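Chains as they are written, first to last, in this note's numbering: chain A, 1 to 165; chain B, 1 to 192.
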C-alpha cells in the first residue's frame, strides 16, 4: 500500500485507525505497512496519546431543571402565538453584546436630533398657505380683468352685427 | 444496519412530532440532550452558555416541526443547528468571555480538595492542569476545525455527516481534521 503520510487520500485511514473505526481488513493492511514505516508509527503513537488526552476532557452534567426550563419556554411560545414565534427566534440575537451597544448608539443619535430640532428657525406653518392663497387670488383677478378688457374690445362689433340681422 | 435503523427511528420520531405528538419530542430530547450540550460546552467552553444554547437548539427543533422533512439524517440537522448557534456565539461574544471561565472548574475543584488533604490531591491537581491544557489546545483551534474535531472525536460522526453539518466537501473535512489533529498533537506533545 502507499504510505498514508505521503498520500493525502490515504490520510483518513490513519485517522480512522486511531479512532478505532477502521474495518478489520484495512486495519490489517495498515498495520503491516506500519511495521515498515517509522513515519506512520510516529503518527500512530502521537495520535494515540492525543486520543487519551482528549478522553480526559469530560463534559459536566446537564442541570437537573434543563427540561423543565425548555418546556416552560415552549409553553410560553405556544401561548404567545405568532408574536413569540416571530420575535422569540431573535432571543440569541439579543444575547449578542454588540446589539445593546448599537441600540444605545441609535438612541443617543435620535435623542441628539430631537434635542437639536428647536434650535432651527421654524417658519410658522399657518402663514405659508395664506400668503400663497393671496398671491394666487391677485393673479386670478388680474387675469379676469384682462379677459374683460379684451371682451369689451370685441363686444361692440358683435352687437351691431346682431341688430342688423 | 444499526445506524440506518437509528436514522429511520429519529426521523420517524420527528415526523410524529410534526403531527403533534409531544411524547416523541420528549424521546428525542432524552436521546440528544447530553450529546448536544456536551458538544456546545466543548465549543464555547462555558457551562451556562452551553445550556442556554442547548435550550435554543431544542426550541428551534420544536418550532421547525411543521416544516421538517427527513432529507438528511436527524443528527446532521440537529448538529447543524447546534454548530450554527455555537459559531455565531463565538464570533459575536469571543472577546466578552470572562477570564474566570478558564479557571472555573480548576478553582472549584482545587478549593474542594485541599482541605481534605487526601493522598489524591496532588493527582487531582495534575489531572486538572492536564485538562486545562487540553481545553486550551482545543480552544486555540480555528472554529471550523474545533467543531469538526469535536464531532469526530466525541460524537463519533462520519466524515460525510460532519461535511454536511459544516457545509463542506468530504475531502475538505478529511484534510481539515488532519490539520486539526496535527496542531493538537504538537500542542499536547509534552503530555504523551
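All C-beta atoms in this analysis are idealised placements derived from N, C-alpha and C, irrespective of residue type, glycine included. All figures in this text were calculated on a predicted structure; none of them were measured in a lab.
Asked	Found
Output, in chain order, the set of chain E residues within a Cβ distance shorter than 9 angstroms of residue 49(A).	The structure shown has no chain E; the protein chains it does contain are A and B.
Let's test the definition: count the other Cβ atoms within 10 Å of the Cβ of residue 186(B) and tell me whether it reaches 16, buried, or not, exposed.	exposed
Give a yes or no on whether 7 angstroms exceeds the smallest Cβ distance from residue 178(B) to chain A.	yes
Expressed to the nearest angstrom, what Euclidean distance is found between the alpha-carbon atoms of residue 173(B) and residue 183(B)?	15 angstroms
Need the endpoints of the alpha helix (DSSP H) that residue 40(A) sits in, please.	38-55
Between the stretch 149-165 of chain B and the stretch 79-94 of chain B, do at least 3 Cβ pairs fall closer than 8 angstroms?	yes
Assign residue 71(B) to buried or exposed, taking buried as 16 or more other Cβ atoms, counted over all protein chains shown, within 10 Å of its Cβ.	exposed
Taking only beta-carbon positions, decide if residue 70(A) is within less than 7 angstroms of chain B.	yes
Measure from the C-beta of residue 63(A) to each C-beta in chain B and report whether the shortest distance is under 7 angstroms.	yes
To the nearest angstrom, how far is the alpha carbon of residue 31(A) from that of residue 39(B)?	32 angstroms
Which residue's Cα is closest to the Cα of residue 147(B): 120(B), 43(B), 175(B)?	43(B)
Assuming contact is defined by CB atoms lying nearer than 7 angstroms, are residue 58(B) and residue 70(A) in contact in what I supplied?	yes
Can you give me the Cβ contacts of residue 90(B) inside the same chain, cut-off strictly under 6 angstroms, excluding the 5 residues immediately before and after it?	143
For chain A, find out if any of its Cβ atoms is closer than 7 angstroms to the Cβ of residue 134(B); answer yes or no.	yes
Can you give me the C-alpha to C-alpha distance between residue 121(B) and residue 20(B), rounded to a whole angstrom?	52 angstroms
So, is residue 50(B) buried or exposed, given that buried needs 16 or more other C-beta atoms within 10 angstroms?	buried
If we ignore side chains and look at the alpha-carbon of each, how far apart do residue 126(B) and residue 141(B) end up?	23 angstroms
Could you round the C-beta distance between residue 130(B) and residue 191(B) to whole angstroms and report it? I think they count as a contact, below 8 angstroms.	6 angstroms
Kindly list, in the order they appear in chain A, the residues whose Cβ is closer than 7 angstroms to that of residue 55(B).	69, 70, 73
In whole angstroms, what separates the C-alpha of residue 212(B) from that of residue 111(A)?	Because chain B is modelled from 1 through 192, residue 212(B) falls outside the range shown and cannot be assessed.
Give me the Cα-Cα distance between residue 25(A) and residue 50(A), rounded to the nearest whole angstrom.	25 angstroms
Return the chain-ordered ranges of every alpha helix (DSSP H) run that is complete within the stretch 43-95 of chain B and spans a minimum of 4 residues.	47-63, 74-93
Inspect the beta-carbon positions of residue 14(A) and residue 4(A) and report whether they are closer than 7 angstroms.	yes
For the candidate residues 159(B), 132(B), 45(B), whose alpha-carbon lies nearest to that of residue 176(B)?	159(B)
Relative to the alpha-carbon of residue 19(A), which residue among 189(B), 188(B), 161(B), 149(B) has its alpha-carbon at the smallest distance?	149(B)
Give me the Cα-Cα distance between residue 103(A) and residue 109(A), rounded to the nearest whole angstrom.	10 angstroms
Just to confirm the assignment, what range does the alpha helix (DSSP H) spanning residue 124(B) have?	121-139
Are the C-beta atoms of residue 39(A) and some chain B residue less than 7 angstroms apart?	no
Say whether chain A places a C-beta atom closer than 7 angstroms to the C-beta of residue 144(B).	no
Using a Cβ-Cβ distance cut-off of 7 angstroms, determine whether residue 54(A) contacts chain B.	yes
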